[in-house]
Amino acid sequence: MTIKDEVQALRVQIKEHNYRYYILNEPSISDADYDVLFRKLEALEQRLGEPIPSDSPTEMVGAPISQAFTPCEHIMSLLSLANAFDTEEVQAFHQRIAEMLDSDDYDYIVEPKIDGLAVNLRYESAVLVSAGTRGDGRVGENVTDNVRTIADIPWRLEGENIPDVLEIRGEVYMSKASFQALNQSQDLAGEKPFANPRNASAGSLRQLDARITAQRKLSFFAYGVGMGGKGWVRSQTELFECLHGLGFPVQDYRLFSNIEDVLQYYEAFKTKRSELPYDIDGLVFKLNDFSLQDEVGFVARSPRWAIAHKFPAEEALTTVEKVIWQVGRTGVITPVAVMLPVSVGGVMVSRATLHNTQELQRKDVREGDQVWIRRAGDVIPEIVRVVDDKAHLQRLPVAIPDVCPECSALIVQEEGQIAIRCSGGLSCPAQLKERLSHFVSRHGMDIEGLGEKLIARMVDEDLIHDIASLYDLDFSTLATWSGMGEKKITNLQQSITASQHPDLAHFLYALGMRHVGQTTARNLAEALGTWEHVRDADEAALLAISDVGAEVAASIQSFFKEAHNIEILQRLCDLGVRPQTCVVKARPKDHPLSGKRVVLTGSFEHIKRSDAQQQLRDLGAKPSGSVSKNTDIVIAGEKAGSKREKAEALGVKIVGEAELLAWLDINHKVATKK
Ligand code: IVH
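According to this note's numbering, the stretch in the sequence shown is residues 167 to 840, in order.
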């Protein structure tokens, strides 16, 4: 194919995607893939060196308008923003401006780039008279009636000396919460869910019946002006103040006088992005001073004085290769989608849990389907929805197995439970592997050097058949395995020996009883002192323990009723595993931390976090792993990250290591970190 042909083909292809995105609100490729196509076209047009026709997508903004709406002509065009995907592109943007202004003494304003759709609001004598979407930048769609249903947009502007004709520009968007609520009601009504808040906001604003728009909770942020705005204010910061004064919501912004600080702010913001209540897809950097903006000017479709520094896309489109069934430690069988690897939220993703059979059927994921996946912040990637095309309907729904895929034991579903389980118990190698991984984990027996792969091999080669056999390992066979050098073997031996007298709470947790997590294990240990007492405790004794309810009590009792479990405990004992008796120190009643929910975050110089946690517990405090509005105090060490930020946002009291040491009565000059 010649360059010319390729350029032609790309133009057609991109126009088609524009149509699907802007008119149908149903894109068939991800934003990231679209950006790749767009950039390829830009590069090829350059290489071709011919004049670029005005209808090439690279010269146009958005897409032609839908025939369903009355056109709305923009007297001053609505422009687009150039994108920067890396630091170099931002530096090049900065260099261009610095050269044009022959100086680098100016400020950049940095604003989040809202992922919604742009509208132009026309006010005459301070009254809203019309509202149009961006459309192709010159002509948009008249959505005045719909815009009037958005509570954030004033029908009448507040304040004085408002120009006779004033156009306000900004973004209509849908908050994450409204998006979720909308999709839930779509689901209940048997309607198709929206892929993301942007599509939902576009679909809701571009409704022919404004009553429907009114039901969808849309929001608005103002960030610019059109007609009447020129000469009225002198900078973007001044504009934000005015917009706020007129009655519009505006976003938080930051001002920087050099590009390095801008870039640093971008990096820090990237990790906080998911905490905003609405979706953003990057940050916009703009020259703050309007007279400097005028000096720098525009290129075809976008200003030279602004750039959008994009974040890694949180959504991606990929293909489900197969759905596998994973067997967990307690025998729960979970469907997992194995997908063609794709980058989403900045990491490569190739698996997503479908949670349970109900969820699998609700989403109706079939092998071979195209799916949208999403990974926001630290959230585990998930399949948002299937591309519901003809090909999907021709594929068969995933069959739910009736025997365990690992050991062929029958699958059971307990009454009232969503989960399906393998009935094979520890004769199921998958359950045994998971059980072993849990047993040796850090909060369990804390045995280092036993990764998932090694455990799997030990089980598959019959070196281990239950948790007790770890203390009776055939090291001479192990030594013949590839990758098992002398040092590894010695370390493993030492680590296993060192684990023989665990803290009782760790031991109880390591046993992997259903519903017995770390907290319950600790409560059991503190209340009953030895594992034999836990074994012998009757229901009443168990129910008297903090956090133990009927379900947990029943699960503990059934664990100790099982002959196989008792046999293993006996073998562990014979092989020298003796958990320490748990003695609870008398708790000072009036300690300031008594009963307080505390969260430790970051690293501490003079005390190990786990030791601090234990000592806080001894003082009657309740250490927890996550910050919520119920948290009383956050103790933040070095490099405290998102937990500290969350505490700040929630107004939770934050203290440092010094206060912690004082509470624990530790003189840090003598205390040494272990
Ligand atoms: S300024 C001439 N600021 O991004 C510059 N745009 O890709 C006009 N957007 O059409 C835009 N947040 O829909 C600006 N803080 C922000 C924005 C923003 C979102 C959208 C807007 C625009 C598109 C350009």
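We treat Cβ as the ideally placed atom computed from N, Cα and C, and that holds for glycine. If you're wondering where the values come from, they're calculated on a predicted model, not measured in any experiment.
Here L816 carries a helix assignment [DSSP, helix/strand/coil]. Taking 4 residues as the minimum length, the alpha helix (DSSP H) runs contained wholly in the region 281-328 are 310-313, in order along the chain. In terms of CA proximity to G803, I820 leads the group T797, I820, V793. These are the residues, in chain order, with a beta carbon less than 6 Å from any non-hydrogen atom of the ligand IVH: L245, S246, L247, E277, K279, I280, A284, R300, E337, Y389, G390, V450, P469, A472, A474.
Distance from the CA atom of E254 to the CA atom of P193, rounded to whole angstroms, is 29 Å.
Per DSSP, the beta bridge partners of V765 are S790, V800.
The beta carbon of V428 sits closer than 7 Å to those of Y274, V276, F422, F451, all from its chain and outside the five residues before and after it, given in chain order. Beta-bridge partners assigned by DSSP to R420: V276. DSSP lists T500 as the beta-bridge partner residues of Q492.
Listed in chain order, the non-local C-beta contacts of G494 below 6 Å within the same chain comprise E600, local neighbours out to five positions each way being set aside. Here the alpha carbon of G807 sits roughly 30 Å from the alpha carbon of W538. A residue is called buried once 16 or more other Cβ atoms fall within 10 Å of its Cβ, and F641, having fewer, is exposed. According to the DSSP assignment, A388 belongs to the beta strand (DSSP E) that extends over 384-391. Taken through DSSP and simplified to helix, strand or coil, T485 comes out as strand.
Residue pairing from DSSP leaves D740 without any beta-bridge partner. Secondary structure of H631 (DSSP, three-state): coil. Secondary structure of N249 (DSSP, three-state): strand.
Boundaries of the beta strand (DSSP E) around R540: 536-540. Of the other Cβ atoms in all chains shown, 16 or more fall within 10 Å of the Cβ of W697; this residue is therefore buried. Secondary structure at T519: strand, using DSSP grouped into helix, strand and coil. Cβ neighbours of L738 within its own chain (closer than 6 Å, five residues either side excluded): A634. Contact between the region 590-607 and the region 500-517 is absent, with fewer than three C-beta pairs closer than 8 Å. DSSP lists S401 as the bridge partner or partners of D455. Here the alpha carbons of A264 and A258 stand approximately 10 Å from one another. Linking Y444 to Y339 through their CA atoms gives a straight-line distance of about 8 Å. S607 and M650 have their C-alpha atoms roughly 20 Å apart. No Cβ-Cβ contact shorter than 8 Å links A343 with V550. Distance from E172 to F235 at the Cβ level is roughly 34 Å; contact not present, criterion being Cβ atoms closer than 8 Å. Listed in chain order, the non-local C-beta contacts of Q666 below 6 Å within the same chain comprise G742, V743, local neighbours out to five positions each way being set aside. Counting only runs that start and end inside the region 531-584, the alpha helix (DSSP H) elements of at least 4 residues fall at 556-560. Around the beta carbon of G395, a 10 Å sphere encloses 16 or more other beta carbons of the protein chains shown; the residue is thus reported as buried.
Nearest Cα to A366 within the set A347, A355, G356, L354: A347. Counting every other CB atom within 10 Å of its CB across the protein chains shown gives M167 a total below 16, marking it as exposed. If you draw a 10 Å sphere on the C-beta of I241, you find fewer than 16 other C-beta atoms in it, and that means exposed.
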